[in-house]
Amino acid sequence: MTEPTIFEISSPGRAGVKFQASDVPEFDVPKEFLRDELPMPEVSEIDVIRHFTRLSQLNYSIDTGYYPLGSCTMKFNPRINEVTARLAGFAKVHPLQPVETVQGSLALMYDLQNWLGEISGFPGVTLQPAAGAHGEYVGVMIIRAYHKDRKDAKRTKMLIPDSAHGTNPASSAMSGFDVIPVATDKNGNVDLDSLRAVCDENTAGLMLTNPNTLGLFEQDVVEVINIVHESGGLVYGDGANLNALLGVVRPGDLGIDIMHFNLHKTFSTPHGGGGPGSGPVGVAAHLVDFLPCPTVGILEEGSDDYPPLYGFVEPAKSIGRMKAFFGHFGMMVRAYTYISMYGKEGLKKIAEGSVLNANYLMTLLKDTYKVAYDRLCMHEFVLEGHWSDAPGIHALDIAKRLMDYNFHPPTNYFPLIVPEALMIEPTETESKQTLDLFADAMLKIAEEAKTQPDLLKSAPHITPIGRLDEVKAAKDLVLCCWIPEKNS
Amino acid sequence: MFIPNTEAERNEMLQKIGLSKIEDLFSDVPKEFRYPDLNLPEAVSEMEALQNLKDLAIANDSTDDLICFLGAGAYNHYIPASVDAIITRGEFLTAYTPYQPEVSQGTLQAIFEYQSLVASITGMDVSNASHYDGATAAAEACVLAYHHFRGKRNKFVLSRYLHPHYRETIKTYFQGYEKIQITGDSAVDGLQTNEDLLKFVDNDTAIVYVQYPDFLGRIHDFKAFAEQVHAVGAILAVSVNPLALGLIKPPSEFDADIVTGEGQPLGIPLSYGGPYLGLFATKNQFIRKLSGRLVGETVDNKGNKGYVLTLTAREQHIRREKATSNICTNQGLIALTSTVYMSLLGKQGLKQVAKLNYDKAHYAADQISKLKGFEVVDNGAFFNEFVVRTPKPVSELNSLLLDYDILGGYDLSNDYPELENHMLLAVTEMNTKDDIDYLVEILQEVTND
Chain G
1 MTEPTIFEIS
11 SPGRAGVKFQ
21 ASDVPEFDVP
31 KEFLRDELPM
41 PEVSEIDVIR
51 HFTRLSQLNY
61 SIDTGYYPLG
71 SCTMKFNPRI
81 NEVTARLAGF
91 AKVHPLQPVE
101 TVQGSLALMY
111 DLQNWLGEIS
121 GFPGVTLQPA
131 AGAHGEYVGV
141 MIIRAYHKDR
151 KDAKRTKMLI
161 PDSAHGTNPA
171 SSAMSGFDVI
181 PVATDKNGNV
191 DLDSLRAVCD
201 ENTAGLMLTN
211 PNTLGLFEQD
221 VVEVINIVHE
231 SGGLVYGDGA
241 NLNALLGVVR
251 PGDLGIDIMH
261 FNLHKTFSTP
271 HGGGGPGSGP
281 VGVAAHLVDF
291 LPCPTVGILE
301 EGSDDYPPLY
311 GFVEPAKSIG
321 RMKAFFGHFG
331 MMVRAYTYIS
341 MYGKEGLKKI
351 AEGSVLNANY
361 LMTLLKDTYK
371 VAYDRLCMHE
381 FVLEGHWSDA
391 PGIHALDIAK
401 RLMDYNFHPP
411 TNYFPLIVPE
421 ALMIEPTETE
431 SKQTLDLFAD
441 AMLKIAEEAK
451 TQPDLLKSAP
461 HITPIGRLDE
471 VKAAKDLVLC
481 CWIPEKNS
Chain S
1 MFIPNTEAER
11 NEMLQKIGLS
21 KIEDLFSDVP
31 KEFRYPDLNL
41 PEAVSEMEAL
51 QNLKDLAIAN
61 DSTDDLICFL
71 GAGAYNHYIP
81 ASVDAIITRG
91 EFLTAYTPYQ
101 PEVSQGTLQA
111 IFEYQSLVAS
121 ITGMDVSNAS
131 HYDGATAAAE
141 ACVLAYHHFR
151 GKRNKFVLSR
161 YLHPHYRETI
171 KTYFQGYEKI
181 QITGDSAVDG
191 LQTNEDLLKF
201 VDNDTAIVYV
211 QYPDFLGRIH
221 DFKAFAEQVH
231 AVGAILAVSV
241 NPLALGLIKP
251 PSEFDADIVT
261 GEGQPLGIPL
271 SYGGPYLGLF
281 ATKNQFIRKL
291 SGRLVGETVD
301 NKGNKGYVLT
311 LTAREQHIRR
321 EKATSNICTN
331 QGLIALTSTV
341 YMSLLGKQGL
351 KQVAKLNYDK
361 AHYAADQISK
371 LKGFEVVDNG
381 AFFNEFVVRT
391 PKPVSELNSL
401 LLDYDILGGY
411 DLSNDYPELE
421 NHMLLAVTEM
431 NTKDDIDYLV
441 EILQEVTND
């Protein structure tokens, strides 16, 4: 089942693309700059198409099956998005063109800023961050800038619940904050006493994921936010789980000060095997001046006869630029297309569908798998993948065995506070029939765990390749193909 | 549309859960905030959505409508049809991050090949699985350098001709680090030389950042420069245009430690600035300090060759606040795009397209230098971009060019006050000799007063 590498199928003299002969005189490259060796493959066009087509067939994908991946929101990726993003008027536009020639792009960005703001309850939005973690970094830098602007230099503590995603503490530490963990209570909420104990005049903020990574809505969310605000801190909302809230409740209304969106989760842009993401950030009124620059604004108001002139504006106290140009525009086109197709009444159907699917699936599974916190969940839930009468079976074995039933495994070993965690998020785009089949597979595996544990231990059996030796990969690092010209 | 369950199925599911209506699912949400009225447009069908988006797209002038001579970090190149044929395959497009290697060998091997191709074209030992873009890759190189010296060296020296957006991004990333001094890129009389830049480099310097070709399009020989940077123990980082490396010596030949760059010229559409591709390659000694994902080769339980994400212990999932970077995603599909592009062009195509760019840019420079009132500045070696002193302000000239459907060059006075009336022109394989001659003719016409 092994596909040779592109270097291994290379044959000297082949090329996959033909360029036209030059129509201008030739100019010599000074000898001291001219490259002599270019160790790149030489393959024909059909070699390339077959090679990458075969590689694609080794992948699991949304188009081929169901991903119950908790915290990843693996919903269907509408194909219309791919069509709109490729319209020549979007795909063939240079980022530094005069604004008069790109009013379509700017109008789209202006609307998307407003739409995301309206959906989440934030008056200011930047579309610049390239991914969720990048948006988070923007968020913590805005928190820093806000306190600095108020000459409140002592706020060095960032409070982070122990259920949080690893990027939260990493972003905080990168921005120079001391990370202070906050415990989770017996119902899966932020523990209020633990929060009060660490919240003081040195608190810069709290990074809150709501629904949290246990898939639970923070039952005391208003109180949590009040405690932090009373100490003078800000509340950062991790928007990774926004899918559960669309049209149902707006984080800004709850009092959250700042939040990132994941267009590749909530707004259906494709994951692409690990990117590109897109991580816009929304802020409350008191933080609008700190947004990264530039944002899109109206330079000249329109009238009945003329549309407005859109252009770039620089927020007064901006933290600065986060990347080249203006963000992942291609992802913005996809998200814009998607939101416009749901509209003002439709978005809540997304949240309702995802929460209904999750609770239904949890109901089917909770007599067989221990539910970490037994209450209504939001868009996802966390099971424990171990039983006392199946010694030696771990969450990992269940995950790998699911592949034999043609399902992608759930997120496992996260959140860290649940033993042998299996984190399951169905999304609204899966049908009842798919969920029933998945539940059947999970129940069969639970049975096998007790009767035929070896089946789990040696799984997967039907995949292109078996369990891989990750220790060897890290020990005998091989990060490049063997390339004759380069390695000789 | 995108939600399959019918009302009958929804009711059946609610019953199984033990609830009577959908709103009961949200009992934990404070009632006063539930179901806000959203000020958004009404839903549209797919057909209407497409029409709306076409209306917006048509309000832009694209490079199909204009003859493009604009570059400055994003370039108009030809993208072979096979690139899109591969990257729109659902198995690549809709796959998740390859955390489960048994069902992700396609993505993993493609990234492994990407790493190999990037290492090859840059001449470096290793490449990561990509960063967001050229700017954030440069910022991550500075993060690497900061941690390499464990915070004991506090100076980053940036060339004035490192892309202005990259310099701004690095400064944003480090605003929380009060000891860090970012320097080297302040204004000078005329043009900054390598010697000018070296004056900033000392024993407290962690990293020196140059661009190759630089923001003004020029190719420098950094050999002696690199020796001086290394003499004080600093890291030399180089931001590249990877397409130029099909023709000119890779930075490894002058002993660069880190090579980053904007991968957009490798088959990635202009797309109004993104998503693009952050290249990041280094010498072996920095492998364990690389941020972002890495794919390594290994074997499965039957001894078959396979690929996995490796050295994950560096990442934030495990190290949390002790991680040196919060990077989580890479540019997956865009890295794949460049992998297909580099494979298709291969050794010959990359040389050929780079040489076409070189020849056409040099022809354009030659022709423009003959025009009255125009002068090609610092006429040394350059790749596909060069600076022209213009007889009128660049913004004024560009408005006039637009009337003739020409997208003129970048106005350098935006970032360099000392380069008033200086235009940065880019010429690629997309520009025919006729296009160039037409540009020259119109430049003459609109300045002939």
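First to last, the sequence lines map onto chains G and S. Using our numbering, the first residue of the first sequence is number 1, and each one after it goes up by one. Using our numbering, the first residue of the second sequence is number 1, and each one after it goes up by one. Yeah, the Cβ is synthetic: ideal placement off N, Cα and C, and Gly gets one too. Just so we're clear, the structure is a prediction, and the values are computed from it rather than from any experiment.
Min CB distance residue i to chain G below 7 Å
i       : result
Q444(S) : no
I182(S) : no
P393(S) : no
R34(S)  : yes
H422(S) : no
G303(S) : no
F2(S)   : yes
I22(S)  : yes
F92(S)  : yes
H451(S) : No statement about residue 451(S) is possible, as the shown extent of chain S runs from 1 to 449 and does not include it.
M13(S)  : yes
Residues near residue i in its chain [Cβ-Cβ closer than 8 Å; skip 5 each side]
i       : result
S488(G) : In this prediction, S488(G) scores a pLDDT of 47, lower than 50, which makes its location untrustworthy; no coordinate-derived value is stated.
D191(G) : V182, A183, T184 and D185
Beta-carbon proximity list for residue i, same chain, < 6 Å, skipping 5 on both sides
i       : result
L270(S) : A74
P276(G) : H328
M403(G) : P460 and T463
G255(G) : I225
F149(S) : A206
Interface flag, residue i vs chain S, CB-CB below 7 Å
i       : result
G273(G) : yes
L55(G)  : yes
R35(G)  : yes
N263(G) : Going by the sequence as given, residue 263(G) is Leu instead of Asn. No, L263(G) does not count as interfacial toward chain S.
Q452(G) : no
R321(G) : yes
G215(G) : no
I49(G)  : yes
Y405(G) : no
M40(G)  : yes
Same chain only: Cβ atoms within 7 Å of residue i, ignoring 5 sequence neighbours per side
i       : result
T5(G)   : C481
M362(G) : V371, C377 and F381
S369(S) : E375 and V376
A441(G) : L402, Y405 and F407
Whether residue i touches residue j by CB criterion (7 Å)
i       : j       : result
G274(G) : H260(G) : no
P308(G) : D289(G) : no
A139(S) : Y173(S) : yes
M141(G) : I319(G) : yes
L216(S) : P242(S) : no
V296(G) : L108(G) : no
G353(G) : I3(S)   : yes
L108(S) : Y307(S) : yes
L38(S)  : K472(G) : no
V295(S) : I79(S)  : no
Contact list for residue i against chain B, beta-carbon separation under 9 Å
i       : result
A153(G) : Considering every chain present, this structure includes no chain B. Its protein chains are G and S.
- Does the region 125 to 135 of chain S come within contact of the region 267 to 286 of chain S, defined as at least 3 CB pairs closer than 8 Å? The answer is yes - the region 267 to 286 of chain S touches the region 125 to 135 of chain S, with three or more Cβ pairs under 8 Å.
- Is the region 423 to 431 of chain G touching the region 391 to 401 of chain G, taking contact as three or more C-beta pairs under 8 Å? Contact annotation: the region 423 to 431 of chain G does not touch the region 391 to 401 of chain G, with fewer than three C-beta pairs closer than 8 Å.
- Enumerate, from N- to C-terminal direction, the unbroken beta strand (DSSP E) stretches of 3 or more residues contained entirely within the region 101 to 152 of chain G. Fully enclosed beta strand (DSSP E) runs of 3 or longer: 124 to 126.
- If you pair each beta-carbon of the region 377 to 395 of chain S with each one of the region 216 to 228 of chain S, do three or more pairs fall below 8 Å? Contact holds: three or more Cβ-Cβ distances are below 8 Å.
- Which residue spans inside the region 99 to 144 of chain S form an unbroken alpha helix (DSSP H) run of at least 4? Runs found: 105 to 122.
- Message: Please give me, in chain order, every unbroken run of the beta strand (DSSP E) with length at least 3 that falls completely inside the region 229 to 305 of chain S.
- Response: Counting whole runs of 3 or more residues, the region 229 to 305 of chain S contains the beta strand (DSSP E) stretches 235 to 240, 258 to 262, 278 to 282 and 295 to 299.
- Item | Length at least 4, wholly inside the region 329 to 396 of chain G: the alpha helix (DSSP H) runs in chain order | Taken in chain order, the whole alpha helix (DSSP H) runs of length 4 or more contained in the region 329 to 396 of chain G are 329 to 365.
- Message: Pairs of beta-carbons, one from the region 155 to 165 of chain G and one from the region 202 to 222 of chain G, closer than 8 Å: are there three or more?
- Response: The region 155 to 165 of chain G is in contact with the region 202 to 222 of chain G.
- Per the contact definition of three or more C-beta pairs closer than 8 Å, is the region 332 to 352 of chain S in contact with the region 35 to 46 of chain G? The region 35 to 46 of chain G makes contact with the region 332 to 352 of chain S, as at least three CB pairs between them are under 8 Å.
- Take every Cβ of the region 85 to 97 of chain S, pair it with every Cβ of the region 44 to 63 of chain G, and state whether three or more of those distances are shorter than 8 Å. Counting Cβ pairs under 8 Å, three or more are found: they touch.
- Report yes or no: do three or more beta-carbon pairs, one from the region 64 to 74 of chain G and one from the region 407 to 415 of chain G, lie closer than 8 Å? Note that the region 64 to 74 of chain G touches the region 407 to 415 of chain G; at least 3 beta-carbon pairs, one per stretch, sit closer than 8 Å.
- Task: Check whether the region 245 to 260 of chain S touches the region 222 to 231 of chain S, taking contact to mean three or more Cβ pairs, one atom from each stretch, closer than 8 Å.
- Result: Flag = yes, the region 245 to 260 of chain S and the region 222 to 231 of chain S touch.
- Query: For the region 215 to 283 of chain G, which segments carrying the beta strand (DSSP E) assignment without a break, of at least 3 residues, lie completely within its bounds, in sequence order?
  - Reply: Complete beta strand (DSSP E) runs here, min 3: 234 to 238, 258 to 260 and 281 to 283.
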